[in-house]
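Q: Below you'll find the structure I mean.
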Amino acid sequence: MTVISARGLRKTYGANVAVDGIDLTVARGEVFALLGPNGAGKTTTVEILEGHRQRDGGEVKVLGEDPGTAGRAWRAKLGIVLQTATDAAELTVRETVRHFAKYYPSPRDPDEVIDVCGLAEKAGARVRSLSGGQRRRVDVALGIIGRPELLFLDEPTTGFDPEARRQFWSLIRRLANEGTTILLTTHYLDEAEALAGRLAVVARGRLIAEGTPQTIGGRSTVAATVTWRDSNGEHREETSDPVEFVAKLTARGDRTMSDLRVHSPSLEDIYLDLIGERV
Amino acid sequence: MTSTAVVDAPARTGSTRTPRLPSTLQVGLSRGMIELKQFFRQKDAVIFTFAFPAFLTFMLGTIYDEPAHGTDVTMSQIFAAGMIAYGILSTAFISMGVGISVDREDGTLKRLRGTPVTAGAYFIGKIILVAVAAIAETVLLLAVGVLLFDVELPTDPARWLTFAWLLPLSIVSCTLLGIAASSLARSAKSAPAVLNLPAIGLQFISGIFVHIAALPDAMVQVAAFFPVKWMGQGFRSVFLPDSMAAQEAAGAWEHGMTALVLGAWCVIGLVLCLVTFRWTERRTR
Ligand SMILES: Nc1ncnc2c1ncn2[C@@H]1O[C@H](COP(=O)(O)OP(=O)(O)OP(=O)(O)O)[C@@H](O)[C@H]1O
Ligand SMILES: [Mg+2]
Numbered sequence: 000m001t002v003i004s005a006r007g008l009r010k011t012y013g014a015n016v017a018v019d020g021i022d023l024t025v026a027r028g029e030v031f032a033l034l035g036p037n038g039a040g041k042t043t044t045v046e047i048l049e050g051h052r053q054r055d056g057g058e059v060k061v062l063g064e065d066p067g068t069a070g071r072a073w074r075a076k077l078g079i080v081l082q083t084a085t086d087a088a089e090l091t092v093r094e095t096v097r098h099f100a101k102y103y104p105s106p107r108d109p110d111e112v113i114d115v116c117g118l119a120e121k122a123g124a125r126v127r128s129l130s131g132g133q134r135r136r137v138d139v140a141l142g143i144i145g146r147p148e149l150l151f152l153d154e155p156t157t158g159f160d161p162e163a164r165r166q167f168w169s170l171i172r173r174l175a176n177e178g179t180t181i182l183l184t185t186h187y188l189d190e191a192e193a194l195a196g197r198l199a200v201v202a203r204g205r206l207i208a209e210g211t212p213q214t215i216g217g218r219s220t221v222a223a224t225v226t227w228r229d230s231n232g233e234h235r236e237e238t239s240d241p242v243e244f245v246a247k248l249t250a251r252g253d254r255t256m257s258d259l260r261v262h263s264p265s266l267e268d269i270y271l272d273l274i275g276e277r278v
Numbered sequence: 000m001t002s003t004a005v006v007d008a009p010a011r012t013g014s015t016r017t018p019r020l021p022s023t024l025q026v027g028l029s030r031g032m033i034e035l036k037q038f039f040r041q042k043d044a045v046i047f048t049f050a051f052p053a054f055l056t057f058m059l060g061t062i063y064d065e066p067a068h069g070t071d072v073t074m075s076q077i078f079a080a081g082m083i084a085y086g087i088l089s090t091a092f093i094s095m096g097v098g099i100s101v102d103r104e105d106g107t108l109k110r111l112r113g114t115p116v117t118a119g120a121y122f123i124g125k126i127i128l129v130a131v132a133a134i135a136e137t138v139l140l141l142a143v144g145v146l147l148f149d150v151e152l153p154t155d156p157a158r159w160l161t162f163a164w165l166l167p168l169s170i171v172s173c174t175l176l177g178i179a180a181s182s183l184a185r186s187a188k189s190a191p192a193v194l195n196l197p198a199i200g201l202q203f204i205s206g207i208f209v210h211i212a213a214l215p216d217a218m219v220q221v222a223a224f225f226p227v228k229w230m231g232q233g234f235r236s237v238f239l240p241d242s243m244a245a246q247e248a249a250g251a252w253e254h255g256m257t258a259l260v261l262g263a264w265c266v267i268g269l270v271l272c273l274v275t276f277r278w279t280e281r282r283t284r
């Protein structure tokens, strides 16, 4: 079942076209990542889908409704983590999360959410006193407190330390396992690779590539590099079928062979290629 | 994010069970509590907001301590009674206008917009905050008047009855106008300046900072279109002897007119709110 569908989405600010005809389909239970350079139009796109901004053109349906006109019941099914927020500074973490739980028809347990978001130690601290990464975790906690069917995350892990990021990933996987549909934007390619079932690259308001982390931008068919060493020295070979190549290589039974490596392009290589090529 | 904890029960995928959304009133009351907590934890803002009208009353009352022309009521007492109108204007109109601008700028409103919270629930929360603050301010100003300037609290129930309709009408009209005026301010930084200009101007022409009998007629006629003049006149009618009615512009307390004008401003304020309220700044949409 389709949770998000957008056709020809457009948004302009004066002469600046922020979103220039984006098509997007996200099915229930999917984790979909939007990648793209600064100013590509990710936040604009996501905020149109959230109902925060009005589009200038295109067809959009989110959870069966037009975000531009949808009402309270629709919002109760969403979880939103915005790119920036500095509100609720004088409240404690626990007060904030408990208060937001009261907005929803069937919220999660606030203490449990505080715990899974890694805020247990800071539950009694004022939001104002938190570090940037901790503050961000509060945003995530408020995003999931309402038990959303669809969760929007705009650069959710900015400012997280590496451990917090891994913990966040496992939280996202768990939410996805439970059937939550997730649309996230990120600048971390490892994050997109770790979490997303499908992803899309946006540049200058247009979708320039879409696929799975394994196939996007022709990643699965792009040549891999095989390197090894034997009695004749170092060798390097480009091949579109590294598995076949390595099988043949090892079949020779050369005992002097060592240091065999296969380097296939990383998502980052593919991404930079896409951005460099098309922009 | 501890990996041992379990996120309870899965997101509802079907529509097996559709629990009702919490009511606007329920959420509004809960927001009221949160608003009060946030406000009273900002110690410096609290002290400034409350102390400023009291300080002005103290200054004006100390400087002008002569009896008013041809009466045995001191100017200090006249100021002390009228300044309740300023106390309400500053806690309701200015704090509300600035508060909403801040909420719009720091993302409070945008975050709420992404939840099932209604604008009504948000306003109920604000009105609770303002009602508590305005009543506290009124009590403080009365204490200053009674303790320093020998203002006598009335014993006649009819006067307290007047007070009982005057106070809520004043708070509600100022609050609604504050909400509407918050749309005029382009940022939280400019909001205090934008809101203080009309507020201070009205204090002068409405006979709050200056005795009304000393003002030119034309000025009072302009002031009569706005709520402040009527609020000041109303509070004077509650706390000053009836002989002082002669000093008012019409030579009477005009309770009927006061209720009418304030009631009209409540309606105008509500309409302005509904027409002008925006969840976010226009330039971020
Ligand atoms: N409210 C606005 N008013 C004017 N221009 C805007 C507004 N919001 C976004 N833009 C412009 O639209 C374009 C896309 O911005 P957007 O915030 O969607 O980018 P992004 O992909 O989220 O970037 P980042 O990775 O930096 O968050 C930019 O050129 C930006 O300047
Ligand atoms: Mg962005």
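Line by line, the protein sequences are chains B and Z. So the first sequence is numbered by numbering that gives the first Met the number 0: it starts at 0 and just counts up by one. So the second sequence is numbered by numbering that gives the first Met the number 0: it starts at 0 and just counts up by one. Ideal placement from N, C-alpha and C gives every residue a C-beta, glycine not left out.
(1) B/I79 versus chain Z: which residues are under 7 Å apart at the beta carbon?
(2) Ligand 1 and Z/T257: does the residue's C-beta get closer than 7 Å to at least one heavy atom of that ligand?
(3) Can you tell me whether Z/T279 sits near ligand 2, meaning its C-beta is under 7 Å from at least one heavy atom of the ligand?
(4) Under 8 Å Cβ-Cβ, which residues of chain Z neighbour B/L248?
(5) Residues of the segment 25 to 53 of chain Z in Cβ contact with chain B at a cutoff of 7 Å, in chain order, please.
(6) Taking the alpha carbon of B/K121 as the reference point, which residue from B/V115, B/Q133, B/I207 has its own alpha carbon closest?
(7) Indicate whether Z/Q232 and Z/W264 have their beta-carbon atoms separated by less than 8 Å.
(8) Anyone know if the C-beta pair for Z/L59 and Z/F47 falls short of 8 Å?
(9) Note the first and the last residue of the continuous beta strand (DSSP E) segment covering B/V96.
(10) Compute the beta-carbon to beta-carbon distance between B/I3 and B/T24, rounded to the nearest angstrom, for a pair I have assumed lies under 8 Å.
(11) Reducing DSSP to helix, strand and coil, say where B/T11 ends up.
(12) Assign B/S230 to one of two classes, buried (16 or more other C-beta atoms within 10 Å of its C-beta) or exposed (fewer than that).
(13) Give the secondary structure of B/F31 by DSSP, where H, G and I count as helix, E and B as strand, and everything else as coil.
(14) Quick one: complete alpha helix (DSSP H) runs, 4+ long, within the segment 180 to 259 of chain Z?
(15) So if DSSP puts Z/S22 in a beta bridge, which residue, or which two residues, is it bridged to?
(16) Say yes only if the C-beta of Z/K125 is nearer than 7 Å to one or more non-hydrogen atoms of ligand 2, and no if none qualify.
(17) Residues around ligand 2, please: the ones whose beta-carbon is closer than 7 Å to some heavy atom of it, in chain order.
(18) Could you tell me which residues DSSP puts in a beta bridge with B/D153?
(19) Please look up how many angstroms separate the CB atoms of B/H234 and B/T224, rounded, as I've assumed it's under 8 Å.
(20) Can you give, in chain order, each stretch of the alpha helix (DSSP H) that sits fully within the segment 159 to 237 of chain B and has at least 4 residues?
(21) To the nearest angstrom, how far is the alpha carbon of B/D110 from that of B/G35?
(22) May I ask you to check if the CB of B/G57 is nearer than 7 Å to at least one heavy atom of ligand 1?
(23) Under 7 Å from any heavy atom of ligand 1, does the C-beta of B/A72 make it?
(24) Three or more C-beta pairs under 8 Å: does that hold for the segment 151 to 161 of chain Z against the segment 95 to 114 of chain Z?
(25) Restricting to runs no shorter than 3 residues, where is the beta strand (DSSP E) found entirely within the segment 15 to 89 of chain B?
(26) Over the uninterrupted beta strand (DSSP E) stretch that includes B/D258, give me the two end residues.
(27) Does any residue of chain Z bring its CB to less than 8 Å from the CB of B/F31?
(28) Within the same chain, show all residues whose beta-carbon is closer than 7 Å to that of B/R97, passing over the 5 residues directly before and after it, in chain order.
(29) Just reading off the alpha helix (DSSP H) that Z/I93 is part of, what are its end residues?
(30) Would B/P66 pass as an interface residue toward chain Z - the criterion being a Cβ-Cβ separation below 8 Å?
(31) Which residue or residues does DSSP assign as beta-bridge partners of B/S4?
(32) Report yes if the CB atom of B/D153 is closer than 8 Å to the CB atom of B/V45, and no otherwise.
(33) Along the chain, where does the alpha helix (DSSP H) containing Z/E136 start, and where does it finish?
(34) Using 8 Å as the threshold, is the C-beta distance between B/T211 and B/A222 below it?
(35) Closer than 7 Å: is that where the CB of B/A84 sits relative to any heavy atom of ligand 1?
(36) Roughly how many angstroms separate the alpha carbons of Z/E136 and B/D189, rounded to a whole number?
A: Looking at the atomic coordinates:
(1) Within 7 Å Cβ-Cβ: G113.
(2) For ligand 1, not one heavy atom lies less than 7 Å from the Cβ of Z/T257.
(3) Checking the 7 Å criterion, the Cβ of Z/T279 is out of range of every heavy atom belonging to ligand 2.
(4) Within chain Z, no C-beta atom comes nearer than 8 Å to that of B/L248; the closest sits roughly 41 Å away.
(5) Within the segment 25 to 53 of chain Z, contact with chain B at the beta-carbon level (separation under 7 Å) is assigned to V26, S29, I33, K36, Q37, R40, Q41.
(6) The shortest C-alpha to C-alpha distance from B/K121 to any of B/V115, B/Q133, B/I207 is the one to B/Q133.
(7) A distance of 8 Å or more separates the beta carbons of Z/Q232 and Z/W264.
(8) It is not a contact, given that the beta carbons lie outside the stated cut-off.
(9) It is not in any beta strand (DSSP E) - B/V96 instead sits in the alpha helix (DSSP H) that spans 92 to 100.
(10) Yes, they are in contact, since the Cβ atoms of B/I3 and B/T24 sit about 7 Å apart, within 8 Å.
(11) Here B/T11 sits in strand by DSSP.
(12) Looking at its Cβ environment, which holds fewer than 16 other Cβ atoms inside 10 Å, B/S230 is exposed.
(13) Secondary structure at B/F31: strand, using DSSP grouped into helix, strand and coil.
(14) As for any alpha helix (DSSP H) of minimum length 4 sitting wholly inside the segment 180 to 259 of chain Z, the runs are 190 to 204, 216 to 222, 226 to 238, ordered along the chain.
(15) Note: Z/S22 is not bridge-paired with any residue in the DSSP secondary-structure output.
(16) The answer is no for Z/K125.
(17) Counting every residue whose Cβ lies closer than 7 Å to a heavy atom of ligand 2, we get B/K41, B/T42, B/Q82, B/D153, B/E154, B/T184.
(18) Paired residues: B/T184.
(19) Cβ-Cβ separation between B/H234 and B/T224: approximately 11 Å, too far for a contact (criterion under 8 Å).
(20) Fully enclosed alpha helix (DSSP H) runs of no fewer than 4 residues occupy 161 to 176, 188 to 194 of the segment 159 to 237 of chain B, in order along the chain.
(21) The straight-line gap separating the alpha-carbon atoms of B/D110 and B/G35 is approximately 35 Å.
(22) Relative to ligand 1, the beta carbon of B/G57 is positioned no closer than 7 Å to any heavy atom.
(23) Relative to the non-hydrogen atoms of ligand 1, the Cβ of B/A72 never comes closer than 7 Å to any of them.
(24) Touching, no.
(25) Taken in chain order, the unbroken stretches of beta strand (DSSP E) that lie wholly in the segment 15 to 89 of chain B and span 3 residues or more are 15 to 26, 30 to 34, 56 to 61, 77 to 80.
(26) B/D258 -> beta strand (DSSP E) spans 257 to 262.
(27) By this cut-off, B/F31 is not an interface position.
(28) So the qualifying residues of the chain are P109.
(29) Looking at the DSSP string, Z/I93 is not in any alpha helix (DSSP H), and its letter there is neither H nor E.
(30) Under the 8 Å criterion on CB atoms, B/P66 is classed as non-interfacial with respect to chain Z.
(31) Beta-bridge pairing by DSSP links B/S4 to B/T24, B/K60.
(32) Against a cut-off of 8 Å, the Cβ pair of B/V45 and B/D153 comes out as a contact.
(33) 118 to 148 is the extent of the alpha helix (DSSP H) around Z/E136.
(34) No; because the gap between Cβ atoms is not below 8 Å, this pair is not in contact.
(35) Checking the Cβ of B/A84 against ligand 1 gives no.
(36) Going by C-alpha positions, Z/E136 is about 56 Å away from B/D189.
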